[in-house]
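To start, the structure under review is shown below, and the notes come after it.
Protein chains: 2
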Amino acid sequence: MYQFIENGTVTTVNGFKAAGIFCGIKRKRKDIALIYSETPCTAAGTFTINKVKAAPLLVSRNIINKGGTVKAVLVNSGNANACTGKAGMQDAKETQDYCAKKLGIKTSEVLISSTGVIGKRMPVDTILSGIDQIVPLLSTDGGIDAAEAIMTTDTKIKSFAVKVFLKNQEVTIGAICKGSGMIMPNMATMLAFITTDAVISQTVIKKVLLASVKNTFNKISVDGETSTNDMVTLMANGLSGVVIEENSEEENLFQQALEAVSQEMAKSIVSDGEGATKLVTININNAKSVKDADKVGKSVANSLLVKTAIYGRDANWGRIMSAVGTSGASVNPSKVSISFNDLPVLRAGYSIVLDEDKALEVLSQKEFEININLEAGTKNATWWTCDLTEDYIKINAEYRT
Amino acid sequence: MYQFIENGTVTTVNGFKAAGIFCGIKRKRKDIALIYSETPCTAAGTFTINKVKAAPLLVSRNIINKGGTVKAVLVNSGNANACTGKAGMQDAKETQDYCAKKLGIKTSEVLISSTGVIGKRMPVDTILSGIDQIVPLLSTDGGIDAAEAIMTTDTKIKSFAVKVFLKNQEVTIGAICKGSGMIMPNMATMLAFITTDAVISQTVIKKVLLASVKNTFNKISVDGETSTNDMVTLMANGLSGVVIEENSEEENLFQQALEAVSQEMAKSIVSDGEGATKLVTININNAKSVKDADKVGKSVANSLLVKTAIYGRDANWGRIMSAVGTSGASVNPSKVSISFNDLPVLRAGYSIVLDEDKALEVLSQKEFEININLEAGTKNATWWTCDLTEDYIKINAEYRT
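Heads up: the protein sequence lines correspond to chains A and B, in order. For any residue, its number in the working numbering is found by taking its place in the first sequence, counting from 1, and adding 397. For any residue, its number in the working numbering is found by taking its place in the second sequence, counting from 1, and adding 397.
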């Protein structure tokens, strides 16, 4: 069993330090973060499926794929270093190199990550002087500052930690992330950095991270966009001494705890989606296959008409049905039933049982569930979405200018 | 060569009458339309790919698939008769039957179509009394009234006609349509009814309609939604006496004229998309395959971030690149170049040539082109999209209430 830790963050985990400062990439707000482990970490990562991949992402993916140990993650906001070609790759490597030197570690031990505007050269000198400033500030309570420094249009700091008892010993998992726009399954303009003191082999760390991401970060949608910069990394420094053997009970429990913290991050990203005012959980039940359940979840979570109806507190189950019908899943529409929380609105056979007043009560809540029963099989999936509001338009029509 | 006819409509074509009136389905505006041909027509149709299909659509598709001749199309707005189960099917058939009786023709000669709110029973009595009123009003200049009566959140009447000279004789094609929200390739909440006086066999009419729809209605996006009620029909009454033989030069010319009128309709739907202020043509050039060109077109046309950038007159080519990269097409991002009209903004190799002032000039126009050169082959496609504005949100958060 795992347990959430109040005000938990990446530095809640033994042996991890972090810092977050303003160095001048953005106009005012904090824009550079550093997470650092005194001891070498095994690491795993997942990266955007967009064919346009940012330079820092390629650098970090390369390190993760080689399977070496890492000690640090350097992250900047305000500039994505994407679509910047060879020059951008040089910029990325220069900052990585410089950071490694300042930390006194190998270049290959520094993961790097960027988020912000696409297609602009990085202000390298600004970042180098930022590295000069941030390294001496690394501390065991710097996690929240780091979480703040990776924000773009996020309005809330996103930071979590859980502890889990394995073999009667405590293992901690800490995490920070950012999201906001360009949020769609298979990574988004979202970054998440997770730390743990478990002892995890290269094989197992990859396995548990991929399994977690699949059920959490890959099941959310703010706007159906897939960004060029997304990544999630997990670093394990082993300081707890608790070994997570492959296919052991500990792996199972660790996986559950990791998924719990990842789910909190994923939900925090959706509920703080650009302009969002509501967090909606979409449960798709009794699908023919998990793939079908996911198709329906994705279609409903991405539907602008569903998202605007949620915003308007409109019990418009017809739009949900339309999104189900267009999902590509194997569905017999006349078998589908829909409820909002426990309130049925449509029973099978297009039998409408909608009580508008009660529905309005549910839809007025900041968080609620849409339950879709396909009655086509036994597989389920859960997705998360938010509403689409005028503020999303304002933020994105004005961003970059 | 074809030629557009000013104020053209379905009744510009010899032998077609139409009318459009208010009968009480909506609160105030016209809500029922009837198009009628004195002589039997061959007919073709394309229908939504949404698995949730409205009752009237199933009725009409059945008639079209049987290949019989038709004489009338009855259309109502204000109620989609979708997700209404068996009762909805009965309602549809009852109105179709009644309309046929009033016109003194066979039930199987009446196509029916509905658009509006999903999941509400049709007010059948209201519609029957509407049929009583509308039949005597059928006239050879009723096309525009019919076009008005099929509107939902449309702000403009959409009506067109072209004439084309075949074998030195004149053939006319008339059309009305509606669009607005739920607009995505493969049909949308859009209806289009096309008439012609050409003599066209069942085989050829199907062929030319499908070819036209593929390049026009299936290449537009307002909001990425695919509705339950979409259909396009083409009725040919043969009064011109001009025969369109299969694979003839006439077929080719007729096809061009039909595509021209369909393209005008598709563009009118996008530029009058819910909340839209701009019509943007997206040309995808030098793709590896037409499929790839379409994948890129669809991805860019549907991208909320591209659409909000267009609204904000923001020359944010990075969002276009991101949409290209996530399209699933075979693309080497570093080969891609982008221009707005004739103004290059990105050359291959991520060479940015953006002149912000000149770009703002282009993006301030009500209509402009985004040209994307993939440099991956020789195939092209053209798509149309509009911007995404606060008004889209307002319209859809408040619709149905």
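By construction, the Cβ of each residue, glycine as well, lies at the ideal position given by its N, Cα and C atoms.
Same chain, Cβ closer than 8 Å to residue i, five either side skipped, listed in chain order
i       : result
F765(B) : K675, V677, T678, F737, N738 and V759
A469(B) : L431, I432, Y433, S434, C496, A497, L500, I502, E506, V507 and L508
E656(A) : A608, S609, N612 and T613
I735(B) : W714, I717, M718, P741, V742, L743, I767, N768, I769 and N770
E643(A) : S598, T600, V601 and K604
Backbone secondary structure at residue i - three-state DSSP
i       : result
R716(B) : helix
T537(B) : coil
C574(A) : strand
A726(A) : coil
G831(B) : The structure shown has nothing for residue 831(B), since chain B only spans 398 to 798.
C438(B) : strand
T705(B) : helix
V697(B) : helix
I460(A) : helix
M581(A) : Any answer about M581(A) is weak, because its pLDDT of 42 lies below 50 and its placement is not dependable; what the coordinates show is given next. Reduced to three states, the DSSP call for M581(A) is coil.
Q762(B) : coil
G485(B) : helix
T630(A) : strand
Cβ-based neighbour list, residue i, same chain, cut-off 6 Å, excluding 5 preceding and 5 following
i       : result
I681(A) : A690, V693, G694, I769 and A778
D788(A) : G672
Q599(A) : T439 and G464
L702(A) : R716
T537(B) : T408 and K414
Residue j beta carbon less than 9 Å from that of residue i
i       : j       : result
G516(B) : G576(B) : no
V658(B) : A543(B) : no
D784(B) : T723(B) : no
A712(B) : A756(B) : yes
T492(B) : L525(B) : yes
Q530(B) : I418(B) : yes
D627(A) : M662(A) : no
Y747(B) : T408(A) : no
P437(B) : V410(B) : no
P730(B) : K483(A) : no
F557(B) : T782(B) : no
V559(B) : A654(B) : yes
L631(A) : T593(A) : yes
P520(A) : G635(A) : no
V733(A) : S696(A) : no
I429(B) : A546(B) : yes
I338(A) : K555(A) : The requested residue 338(A) is not part of the displayed model; chain A covers only 398 to 798.
G527(B) : N793(A) : no
I617(B) : K664(B) : yes
Residues that residue i contacts on chain B, provided the C-beta gap is smaller than 7 Å
i       : result
C496(A) : Result: empty, since nearest Cβ-Cβ is about 24 Å, beyond 7 Å.
M628(A) : In chain order: nothing, as chain B lies at least about 15 Å away.
I749(A) : G516
S731(A) : G482
Cβ separation of residue i and residue j, assumed to be a contact under 8 Å, to the nearest whole Å
i       : j       : result
V456(B) : A489(B) : 5 Å
G442(B) : I461(B) : 4 Å
G540(A) : A451(A) : The pair is not a contact, with the Cβ atoms about 24 Å apart (cut-off 8 Å).
L606(B) : V639(B) : Not really, about 17 Å apart at Cβ, beyond 8 Å.
K685(B) : A745(B) : Not confirmed; about 16 Å, so no contact.
R518(B) : G485(B) : 7 Å
Beta-carbon proximity list for residue i, same chain, < 7 Å, skipping 5 on both sides
i       : result
I641(B) : A595, V596, I597, V601, E647, E648 and F651
L534(B) : A416 and I418
V687(B) : K776 and A778
D551(A) : K575, G576, S577 and D669
S727(A) : K685, D689 and A773
D522(A) : none
Neighbour list for residue i in chain B, Cβ cutoff strictly below 9 Å
i       : result
M718(A) : V449, A479, C480, I515, G516 and T625
W714(A) : C480, I515 and G516
E758(A) : The premise fails here: E758(A) is roughly 15 Å from chain B at the closest Cβ pair, so nothing lies under 9 Å.
Closer than 8 Å at the beta carbon, the chain B residues around residue i
i       : result
I790(A) : T705, Y708, L785, T786, E787, Y789 and I790
Listed by chain order, chain A residues near residue i by CB distance under 7 Å
i       : result
G722(B) : N447, K448, V449 and T625
L740(B) : What L740(B) touches in chain A: nothing, since even the nearest Cβ is about 16 Å away.
S736(B) : Within 7 Å Cβ-Cβ: nothing; S736(B) doesn't reach chain A, min ~15 Å.
G746(B) : G482
Listed by chain order, chain A residues near residue i by CB distance under 8 Å
i       : result
V728(B) : K448
Proximal residues of chain A, C-beta to C-beta of residue i below 9 Å
i       : result
L455(B) : Those within 9 Å of L455(B) in chain A number zero; the least Cβ separation is about 12 Å.
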